[in-house]
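Trainee: Residue numbers (the working numbering), protein chains in the order written: chain A, 1 to 351; chain B, 1001 to 1327. Just so you know, even glycine gets a beta-carbon here, dropped at the ideal spot from N, CA and C. I have a structure I would like to understand better, so I am pasting it below and will then ask my questions one at a time.
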Ligand SMILES: Cc1ncc(C[n+]2csc(CCOP(=O)(O)OP(=O)(O)O)c2C)c(N)n1
Ligand SMILES: [Mg+2]
């Protein structure tokens, strides 16, 4: 762990100091947001309903990817969607209020954790049905292609989603039509409670999941998703390919989800909160989880920035504190926001 | 002999017993039997109990292929909406193959899924989609509302030679009740009168049965005696029992968690309008979800769904109507 020499030094070499600090800042903002969400289950039981999925562990992969983005490129994540809008500049207050089901929420309390959307920031929405948004992402790429806007699309989905029909159908079509999209397969080793080796033929055979790209004759690479600069390198190449009309690429970004899949599924009025990670809770494999914690992308990148003299410890502390205060404020905003008027419920059915 | 158990457990007991009884019954789905500690896996082995990836089209399509060649698959789908990505298999393959073969093949399979989870699961995880399936000839649809029915309908589903969509209501998972031990079958197409009454007939399924029973209890204080009927299967649908009840009460309130025009209530209303019109002394009233997807926030969700008060109000309106018509 903390092996700085493994950190990406290729295209990412050109990233200036400000950009590197920006990457760290976004990573710690995501982590703080998710920690605040997780704490809500203990501090305000019942405030968050349904199913909530966190991005802790995915920060390097998400921010390294989005660091390659141009200002108008589309971003299409899954139901695990708290991190991306934060990076795009969506208000953490409005996001938190949405998770609390409040009137001032990003989607006015209609969507909740799984269905954030901020179309003005090129984040048109998500699906809670595994794999389906892969097709939506290719559709956004079709818009860009037809209108010749020069935009590309960043399409995020899980290892589990790569077994859904929509994945295979969409990748073939996107390759065939040379759609400007980058497919980021986030291999966090688990499909909910099932380890990837139990449900993926490539993984079972000991092959990388990026091998699936060969079926569509597009580039497929596997990258260490705990390192934002390595991720940046690979995504920058794929983004360039998409921008120049050569079509899609598949990037398998390998990292580890550091929290359980989601809060425990309970039947009301039983309270719900985050259980132990499945590695421990289901498989009794504490060693696997501990090793993953040791690879935590945040301390690792912080150590890199310190050793490169880009960020001092006290500067880092200041960024961490700022992110914590931002998310404290987001929770306070959410708690102060009223619940929606019930009669609103039938409002947004048709355009 | 019976034993008190939870609704969720009752389904598992039936599956276990049927797998012991018939080696052709297999069971698979996502996020199940992951470790060797799994009780089903221990009992039946990896050949019959399997983990599936997130591939509903393949999971259900493979069940169809296995069913027409001699197995009796049960597919664990967890939430009914996940079936939607495999609608061809459910609507255009499984129920049609027997018919198109002129009766030569049969398709004995069970698609097990939860539904109606009114707990903040928002737009894509807690809708009621049985209406889409109940009208497909060749497909059967069961919706248990009690632990005993959960067991008896599951056993009937597994033994049925046709494709069955077995929908259990998430909000009932922990409800307890007496469940007969050993072989227990609730035949399809036989409604159950959950509560006898004289003034009004309430027909409901799943969680709505519980809500209707609670409303009926409340209404006794106003001197209104409501009969509550649970059809238990929507296909086949026991219209006869409902019409018989309406003949006695003269009034019908249909309670359904689905939106109005994609509800089972709409179908039942049409059946009773045709077969029981002369017994009706008030218009049929449907208490359904409002016409929207299920929203996330609690006040929005509650506003959308039927509840005890809405049911009671509907009952009062038809009883009042009746009184007015008689006067
Ligand atoms: C079609 C469908 N099947 C099943 C589910 C239930 N489900 C929700 S998330 C999930 C796991 C997805 O795993 P993965 O794609 O690896 O993404 P991750 O959650 O790890 O980010 C499952 C099975 C669903 N939402 N949609
Ligand atoms: Mg995963």
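Using only the alpha-carbon positions, how far apart do residue 1260(B) and residue 1307(B) sit?
Mentor: Rounded to the nearest angstrom, the two C-alpha atoms are 15 Å apart.
Trainee: Could you work out which residues of chain A lie near residue 1054(B), taking near to mean beta carbons separated by less than 8 Å?
Mentor: Under the 8 Å cutoff, chain A gives 130, 131, 160, 161, 163, 164, 191, 199.
Trainee: When you check each C-beta in the region 107 to 132 of chain A against every C-beta of chain B, which residues fall closer than 9 Å?
Mentor: Result list: 107, 108, 109, 110, 111, 112, 113, 114, 115, 127, 128, 129, 130, 131, 132.
Trainee: Using a Cβ-Cβ distance cut-off of 9 Å, determine whether residue 1017(B) contacts chain A.
Mentor: No, residue 1017(B) does not count as interfacial toward chain A.
Trainee: Helix or strand or just coil, what does DSSP make of residue 1289(B)?
Mentor: Residue state, collapsed to three classes: strand.
Trainee: At a Cβ cut of 8 Å, what residues of the region 1280 to 1292 of chain B count as close to chain A, listed as they run along the chain?
Mentor: Answer set for the region 1280 to 1292 of chain B: 1290, 1291, 1292.
Trainee: Report yes or no: do the region 77 to 85 of chain A and the region 112 to 119 of chain A share at least 3 C-beta pairs separated by less than 8 Å?
Mentor: The region 77 to 85 of chain A vs the region 112 to 119 of chain A: in contact.
Trainee: What residues from the region 1031 to 1047 of chain B come within 8 Å of chain A, judged by C-beta to C-beta, listed N to C?
Mentor: So the list reads 1031, 1034, 1035, given in the order they occur along the chain.
Trainee: Give a yes or no on whether the minimum CB-CB distance between residue 345(A) and chain B is below 9 Å.
Mentor: For residue 345(A), the answer is yes, since a Cβ of chain B falls inside 9 Å of its Cβ.
Trainee: Would you decide whether residue 1187(B) is buried or exposed? Buried here means 16 or more other CB atoms lie within 10 Å of its CB.
Mentor: Exposed: under 16 other Cβ atoms inside 10 Å.
Trainee: Does any CB atom of chain A fall closer than 9 Å to the CB of residue 1071(B)?
Mentor: Output row for residue 1071(B): interface = no.
Trainee: Can you give me the Cβ contacts of residue 236(A) inside the same chain, cut-off strictly under 7 Å, excluding the 5 residues immediately before and after it?
Mentor: These residues qualify, in order along the chain: 11, 68.
Trainee: Residue 1085(B) to residue 1124(B), Cα distance in whole Å?
Mentor: For residue 1085(B) and residue 1124(B), the distance between alpha carbons rounds to 12 Å.
Trainee: Going by DSSP, name the residue or residues bridged to residue 210(A).
Mentor: Residue 210(A) is not bridged to any residue.
Trainee: Is it buried or exposed for residue 1053(B), if we count other Cβ within 10 angstroms and need 16 for buried?
Mentor: That one is buried.
Trainee: Within 10 Å of its beta-carbon, does residue 277(A) have 16 or more other beta-carbons around it, so buried, or fewer, so exposed?
Mentor: That one is buried.
Trainee: For residue 1176(B), which beta-bridge partners are listed by DSSP?
Mentor: Its beta-bridge partners are 1006(B).
Trainee: Is residue 1131(B) close to chain A? Criterion is C-beta to C-beta, closer than 9 Å.
Mentor: No, its Cβ sits nowhere closer than 9 Å to a Cβ of chain A.
Trainee: Could you spell out the range, first to last residue, of the alpha helix (DSSP H) harbouring residue 22(A)?
Mentor: Unbroken alpha helix (DSSP H) run through residue 22(A): 17 to 43.
Trainee: Compare the C-beta of residue 297(A) with all C-beta atoms of chain B and state if any pair is closer than 9 Å.
Mentor: So no, residue 297(A) is outside the interface.
Trainee: Would you say residue 1051(B) reaches chain A, if we count a Cβ-Cβ gap shorter than 9 Å as a contact?
Mentor: Taking Cβ atoms only, chain A reaches closer than 9 Å to residue 1051(B), which makes this a yes.
Trainee: Give me, in chain order, the residues of the same chain whose beta-carbon lies closer than 7 Å to that of residue 1147(B); leave out the 5 immediate sequence neighbours on both sides.
Mentor: Around residue 1147(B): 1005, 1006, 1007, 1010, 1175, 1176, 1177, 1179.
Trainee: With DSSP collapsed to three states, give me the class of residue 179(A).
Mentor: The answer is coil: DSSP assigns residue 179(A) none of H, G, I, E or B.
Trainee: Locate the beta strand (DSSP E) running through residue 1168(B), then write down its first and last residues.
Mentor: From DSSP, the beta strand (DSSP E) with residue 1168(B) extends over 1163 to 1169.
Trainee: Is it the case that the region 61 to 77 of chain A contacts the region 139 to 155 of chain A, given that we only count it when at least three CB pairs across the two stretches are under 8 Å?
Mentor: Touching, per the Cβ criterion.
Trainee: From the DSSP output, which residues share a beta bridge with residue 155(A)?
Mentor: Note: residue 155(A) sits in a beta bridge opposite 76(A), 183(A).
Trainee: Residues of the region 72 to 101 of chain A in Cβ contact with chain B at a cutoff of 7 Å, in chain order, please.
Mentor: Result list: 101.
Trainee: Within its chain, find whatever has a CB closer than 8 Å to the CB of residue 86(A); leave out the 5 residues flanking it on each side and keep chain order.
Mentor: Around residue 86(A): 26, 29, 30, 33, 92, 95.
Trainee: For residue 1121(B) versus residue 1267(B), is the C-beta spacing smaller than 9 Å?
Mentor: Against a cut-off of 9 Å, the Cβ pair of residue 1267(B) and residue 1121(B) comes out as no contact.
Trainee: Going by DSSP, what residue range makes up the alpha helix (DSSP H) through residue 1259(B)?
Mentor: Element bounds for residue 1259(B): not the alpha helix (DSSP H) but the beta strand (DSSP E), 1252 to 1259.
Trainee: Is residue 4(A) helix, strand or coil by DSSP?
Mentor: Reliability of the predicted coordinates at residue 4(A) is poor, the pLDDT of 42 falling under 50, and no value is obtained from them.
Trainee: Along the region 1293 to 1318 of chain B, where does the CB come closer than 8 Å to a CB of chain A? Name the residues.
Mentor: Listed in sequence order: 1293, 1295, 1296, 1297, 1298, 1299, 1300, 1301, 1302, 1303, 1304.
Trainee: For residue 964(B), which residues in chain A fall below 9 Å Cβ to Cβ?
Mentor: With chain B running from 1001 to 1327 in the structure shown, residue 964(B) is simply not present.
Trainee: Can you tell me whether residue 1223(B) is buried or exposed, with buried defined as 16 or more other CB within 10 angstroms of its CB?
Mentor: Label assigned to residue 1223(B): exposed.
Trainee: Beta-carbon distances below 7 Å to any heavy atom of ligand 1 define the shell here; list its residues in chain order, please.
Mentor: After applying the 7 Å Cβ criterion, the set is 53(A), 78(A), 79(A), 80(A), 128(A), 129(A), 130(A), 131(A), 157(A), 158(A), 159(A), 160(A), 161(A), 164(A), 186(A), 188(A), 190(A), 191(A), 192(A), 257(A), 261(A), 1030(B), 1031(B), 1054(B), 1056(B), 1078(B), 1079(B), 1082(B), 1085(B).
Trainee: Which runs of the beta strand (DSSP E) at least 3 residues long sit entirely within the region 1040 to 1092 of chain B? Give them in chain order.
Mentor: Listed in chain order, the complete beta strand (DSSP E) runs (minimum 3 residues) inside the region 1040 to 1092 of chain B are 1049 to 1051, 1072 to 1079.
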